[in-house]
Amino acid sequence: MTSVLVIVCPAILAKSANHSACYNLIFPALSDPAAFDGPIDKRRSILALDEKIYELRRDKLKQIEALGQEAYPRKYDFTHIVPQILAHYSASAGEQLEASRVNVRVAGRIMAIRLMGKAGFAHLQQGGQKLQIYVKKDAVGEKDFELYKLLDLGDHIGVSGYLFRTRTGELSIHVEEITFLSKDLLPLPEKWHGLTDVELRYRQRYVDLAMNPEVREVFVKRSKLVQSLRRFLDSHDFIEVETPMMQQVAGGAAARPFTTHHNTLDVDLYLRIAPELYLKRLTVGGFDRVYEINRNFRNEGISTRHNPEFTMLEFYQAYADFRTAMDFTQKLIQQAAVDVNGTAKSKWGAHEIDWSNFHRMTMREAIIHYWPEGSGAKPELSDFATQDSVKNLVERFNKGHAHVAYDPKEPAGKTIASLFEAAAEEHLIQPTVIYEFPTAISPLSKQKADEPEWTERFEIYAGEMEISNGFSELNDPVEQRKRFEAQLSERERGDDEAHQMDEDYIRALSYGMPPAGGVGVGVDRLCMLLTDSHTIRDVILFPLLRPEKESEASPQEPES
RNA sequence: GGGCGCGUAGCUCAAUUGGCAGAGCAACUGACUCUUAAUCAGUAGGUUGUAGGUUCGAUUCCUACCGCGCUCACCA
């Protein structure tokens, strides 16, 4: 049995040549220490520099071991973390620190190091913050100073010593003992500009996070956001549940699913596109308030607003309708904004979004309100009533604005929704609730009592993005079957994103589902809005990218 | 999938009209016991994303491909 260490060499970072030689660079088996410690096979050493640095640092690691330090120790007992020290002692004057000595043991990654003969400085980074250490040969002794000289940017160390202020007044640790904790064998990006290449930032998020504190901050805020959503729902007596990610019918949304296969059962399964139908089954079972925060998977395009896997909050409240849900969602989002940023206002590019003030209008009102100047008279409510009048509206609209396609075979409601998106979406920067959606595009929503062509459904927009979607849940099994059947005919018409029939869901409704309001919230998009991130990849730690090419040697296959 | 743009040292970027591929940081050697983008002296590091083409000569012009970004379409 041989174990093999595969080195992904830094040339890959550089989009540079010779991927194959680099990618397949394999060091001798770990089980043979002599082989491992030996020089790299020169036949594979195309990129001499990177291997030179790697080798050099491995060599330093051996020298560090020779000083009596462990190469990869198991733990370090610390008394403080860097952010803690900065928070507690930033205001302490040098005299204070001298008068009552503060002893500390701290661990961190070296992000800057300056050697000056028999003394030196370094900056330790932990928790996204940096603290300077001062290492003097007289103070740490011969051996630890030798160790200090062997340290590289990126190494992890622990130091014990006491706090003081340097001549220039910077709070620092006067080190008395250094413990080596881990070696960085690959060179970090340049300290001044950091890592800016977006591809590398996504592919090697670990380097991005180590180098760019503002990136770290975004993901800290994301954590606060999710925490806030949970806290709010928990405090309103919702219980969190987990429903299947692998489903036999991918329902609850209009999207193409990913497919997979279970071998033992020999069944094809879909990765879920939404948890909706399962959560509503739970309301049938008597869980009156449920929510789930988890991943959905949609096999659609990738863009600044779309990642194939994304995080969605869905919640359902029995004995409530879409109006209750609207009010509740608004409060949920307002609370999240405050919890994340400490204020109800957030920067969004050149704009400032005010989460304390939600606008509200129906979809039809929005189309009328944002009707383009060049498209003539604003529509009347009656213009939305018939297939012909809607066709007329589209023709009028297209005179003054970008083209909206008209397909006489598609239901009028679907055309109206397209019209809404074309006319209004780009204006919806401040939080806006749009409600009353066409029944044709809302197969899971309850109709309005007085207008069966329209449903009790709303979406919340902000920053020109849809971030939430909710409605009075359709709980009439007979009507639900009809809606599914209408979707099936859409599917036959060629819409492969139309909903599928779900017999078990109909059966569940037949046992009696309480009236309920349900809502979905796009967590990634909300996070984008609250962190002024204009691409979804900046709020997803490891966004989906094309795989790195493994070998230049294999023939390039032309795109089919 | 369509359109536009980008790809040069580990990182951040230069390279005039097509004419010897460079700098800073990082790395290495040496000096330096309060520096902080430490400083000073020296050294090394490149198949300019890949493959072809035009040319006496290609980082530069052309074609295809690979990767990334922006954008349109679809979607949340």
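Numbering-wise, the numbering used here puts 158 at position 163 of the first sequence, and it's gapless, one number per residue. Positions of the beta carbon are idealized from the N, C-alpha and C atoms, including for glycine. Quantities reported herein were computed from a predicted structural model and do not represent experimental measurements.
- The residue among 395, 208, 83, 457 with its C-alpha nearest the C-alpha of residue 344 is 457.
- If you draw a straight line from the Cα of residue 159 to the Cα of residue 108, it comes to about 18 Å.
- Residue range 284 to 292 is occupied by the beta strand (DSSP E) that includes residue 291.
- With contacts defined by Cβ atoms closer than 9 Å, residue 463 and residue 512 do not form a contacting pair.
- In the structure shown, residue 392 adopts helical secondary structure according to DSSP, grouped into three states.
- A straight line joining the alpha-carbon of residue 304 with that of residue 269 spans about 11 Å.
- Remark: fewer than three beta-carbon pairs, one from each stretch, lie closer than 8 Å, so the segment 305 to 315 and the segment 444 to 457 are not flagged as touching.
- Burial of residue 302 is indicated by the presence of at least 16 other C-beta atoms within 10 angstroms of its C-beta.
- With contacts defined as CB atoms closer than 9 Å, residue 213 and residue 490 fail to qualify as a contacting pair.
- The C-beta of residue 502 has fewer than 16 other C-beta atoms within 10 Å across all chains shown, which makes the residue exposed.
- The beta-bridge partner set that DSSP reports for residue 461 consists of 456.
- Between the alpha carbons of residue 382 and residue 407 lies a gap of roughly 5 Å.
- For secondary structure counted as the alpha helix (DSSP H) over 4 or more consecutive residues, the segment 476 to 555 holds these complete runs in sequence order: 498 to 505, 518 to 526.
- The beta carbon of residue 374 is closer than 7 Å to those of 362, 363, 366, 388 in its chain, skipping five residues each way along the sequence.
- Annotation for residue 229: no beta strand (DSSP E) segment contains it, though the alpha helix (DSSP H) segment containing it runs 208 to 230.
- Counting other Cβ atoms within 10 Å of its Cβ, residue 239 stays below 16 and is therefore classed as exposed.
- Secondary structure of residue 131 (DSSP, three-state): strand.
- Assignment of residue 275 by DSSP, reduced to helix, strand and coil, places it in the helix class.
- Assignment of alpha helix (DSSP H) within the segment 305 to 368, counting only whole runs of 4 or more residues, yields 317 to 336, 358 to 364 in chain order.
- Taking the C-beta atoms as reference points, residue 411 is found no nearer than 9 Å to residue 428.
- Residue 123 and residue 211 do touch by the CB rule: their CB atoms are close to 5 Å apart, below 8 Å.
- Residue burial is scored here from C-beta neighbours: residue 358 has at least 16 other C-beta atoms within 10 angstroms and is therefore classed as buried.
- In this structure residue 66 is in contact with residue 59, their Cβ atoms being roughly 7 Å apart against a cut-off of 8 Å.
- Residue 247 places its beta carbon less than 9 Å from that of residue 267.
- According to DSSP, residue 177 shares a beta bridge with 151.
- When the beta-carbon positions are compared, residue 330 and residue 227 come within less than 9 Å of each other.
- By the neighbour-count definition (other C-beta atoms within 10 Å, threshold 16), residue 497 is a buried residue.
- A direct Cα-Cα distance of roughly 38 Å separates residue 180 from residue 521.
- DSSP, read as helix, strand or coil, puts residue 472 in helix.
- One alpha carbon belongs to residue 349, the other to residue 145, and they sit about 52 Å apart.
- By the neighbour-count criterion, in which a residue is buried when 16 or more other Cβ atoms sit within 10 angstroms of its Cβ, residue 111 is exposed.
- Between residue 508 and the set 78, 515, 273, the nearest pair of CA atoms involves 273.
- Classified as exposed, residue 222 has fewer than 16 neighbouring CB atoms from the shown chains inside 10 Å of its CB.
- The beta carbons of residue 527 and residue 341 sit closer together than 9 Å.
- Residue state for residue 448 is assigned as coil, using DSSP reduced to three classes.
- Under DSSP, residue 75 shares a beta bridge with no residue.
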